[in-house]
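**Student:**
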Amino acid sequence: MHPHLHTKTNRGCEEVMTALDECHAQGFIHKLFGGCNDIKTQVNKCLRAERLERTAKNREMAKQKREKTLAMWKEIDENS
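Using the numbering used here, you'd call the opening residue of the sequence shown number -9 and step up by one each time.
1. What is the rounded straight-line gap between the Cα of G25 and the Cα of K58?
2. Roughly how far, in whole angstroms, is the beta-carbon of N0 from the beta-carbon of L37, given that I think they are within contact range, below 8 Å?
3. Are the CB atoms of K35 and K10 within a distance shorter than 8 Å?
4. Label M7 either buried or exposed according to how many other C-beta atoms from any shown protein chain fall within 10 Å of its C-beta, with 16 as the threshold for buried.
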């Protein structure tokens, strides 16, 4: 698997990615005839789920930060 995929943000998929690495190690012919396709699909699903989770978390944090900023601006406007 690509080294950039083995990061702290993808630790939930580490087991599936390791299985894909092992499948790829079986050789080119095995990969050529689709021996690793099911595992690759599992990796893609896992990575997508992790990305969606991160996206939702980031969106919530941005929303909270925006609300805090608006509250500060409102306070500044009221005191001016």
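All C-beta atoms, glycine included, are put in the ideal place defined by N, C-alpha and C. Only a predicted model underlies this, so the values are computations on that prediction, with no experimental measurement involved.
**Tutor:** Concretely, from the data shown:
1. 52 Å
2. 6 Å
3. Checking the sequence shown, residue 10 turns out to be Leu, not Lys. Result no, Cβ atoms of L10 and K35 do not sit closer than 8 Å.
4. buried
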